[in-house]
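Residue numbers (our numbering): 199 to 376.
See below for the structure under consideration.
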Amino acid sequence: MNSRQNTIWVLLILFSLVSIIAASIKLMPTNKEWSKAKERAKNVQFGTDKELEQVIEYLEIRIKDRDKYQFTLEEEPMRLTNVLYLTDSKGRSLRYRNRGKLRVTHIIDGIQKYAGINYKDKNYTVVIGDSIAGGKVVWIDPTEIVITKQDKEFHYPVAGLDIEDNMSAGDNERRREN
Numbered sequence: 199m200n201s202r203q204n205t206i207w208v209l210l211i212l213f214s215l216v217s218i219i220a221a222s223i224k225l226m227p228t229n230k231e232w233s234k235a236k237e238r239a240k241n242v243q244f245g246t247d248k249e250l251e252q253v254i255e256y257l258e259i260r261i262k263d264r265d266k267y268q269f270t271l272e273e274e275p276m277r278l279t280n281v282l283y284l285t286d287s288k289g290r291s292l293r294y295r296n297r298g299k300l301r302v303t304h305i306i307d308g309i310q311k312y313a314g315i316n317y318k319d320k321n322y323t324v325v326i327g328d329s330i331a332g333g334k335v336v337w338i339d340p341t342e343i344v345i346t347k348q349d350k351e352f353h354y355p356v357a358g359l360d361i362e363d364n365m366s367a368g369d370n371e372r373r374r375e376n
C-alpha cells in the first residue's frame with residue numbers, strides 16, 4: 199500500500215472513532231434516562247394494586263361478618279297502625295303503647311254474653327267466669343265488663359264507646375242477680 203492509501207485509511211479510522219465518541223457522548227444522557235425507565239418498569243405491576251387489594255379484602259371480611267347477623271323486627275312493619283294513627287269517635291288514639299293494659303274491644307250481647315279483650319297484644323274471647331289478667335270476669339253488659347282481682351272490682355268499658363255518667367239502676371240490680 200502506498201502512503202496515499204495509508205493516509206486515507208488512517209483518516210477514515212480517525213473520523214470513525216471521533217464519530218463514535220461524539221455519538222456515545224451525545225447518547226450517554228439518553229442511556230441513563232433509559233436505564234432509569236427500565237428500573238421503574240421493573241417495579242410496575244399491571245392489573246394489580248396491593249393497597250386496593252387490601253382494602254377489598256378488608257371489605258369482604260366485614261361483609262361476611264355482617265352476613266352472620268340475624269335481624270328480628272320488634273314490630274310488624276306492614277301493620278297499618280304503625281303508619282296511621284287511628285282514633286275513636288271522641289278523637290282518642292286507638293294506638294295503645296302500653297301493651298300490658300287490658301282493653302275491651304267488643305261485646306257480643308246474646309243469650310251467652312261474650313267479650314273481646316286485647317291483653318298484651320293478644321286477643322281473647324271471655325265469658326262470665328273466665329279468668330284473665332290475674333282476675334275473674336264477673337259481669338258483662340253492653341257497655342263494660344267487670345273483673346274482680348283480690349276482692350276488688352275493676353270496670354273496663356268498651357274502647358271507643360261513649361259512657362254515660364248516669365247508669366240505670368236496672369244494670370246494678372242485674373249485676374247483683376248474677
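Just so it is clear, CB atoms sit at the ideal spot from N, CA and C, and this is done for glycine as well.
As the structure is a computational prediction, the values presented were derived from the model and not from experiment.
- Rounded to whole angstroms, the Cβ separation of residue 330 and residue 311 is 15 angstroms, and the two are not in contact under 8 angstroms.
- Put simply, the stretch 258-266 does not touch the stretch 303-322. Fewer than three CB pairs are less than 8 angstroms apart.
- Beta-bridge partners assigned by DSSP to residue 352: 345.
- Residue 267: not part of any alpha helix (DSSP H); DSSP gives it neither H nor E.
- Under the three-state reduction of DSSP output, residue 235 falls in the helix class.
- Residue 240 and residue 256 have their C-alpha atoms some 28 angstroms from each other.
- Between residue 336 and residue 344, the beta carbon gap of about 5 angstroms places them in contact (Cβ cut-off 8 angstroms).
- Looking at the backbone, the Cα of residue 352 and that of residue 309 are separated by about 24 angstroms.
- Cβ atoms of residue 350 and residue 332 stay farther apart than 8 angstroms, at about 11 angstroms.
- If you look at residue 321, you'll find it in the beta strand (DSSP E) that goes 320-324.
- In the displayed model, residue 248 falls within a helix according to three-state DSSP.
- For residue 357, no beta strand (DSSP E) segment is defined, and its DSSP state is neither H nor E.
- Between the C-alpha atoms of residue 262 and residue 304 there is a straight-line separation of about 50 angstroms.
- The continuous beta strand (DSSP E) containing residue 313 extends over residues 312-317.
- Linking residue 247 to residue 238 through their CA atoms gives a straight-line distance of about 16 angstroms.
- Around the Cβ of residue 251, a 10 Å sphere holds fewer than 16 other Cβ atoms; the residue is exposed.
- Residue pairing by DSSP places residue 302 opposite 315, 356 in a beta bridge.
- For residue 253, the three-state secondary structure derived from DSSP is helix.
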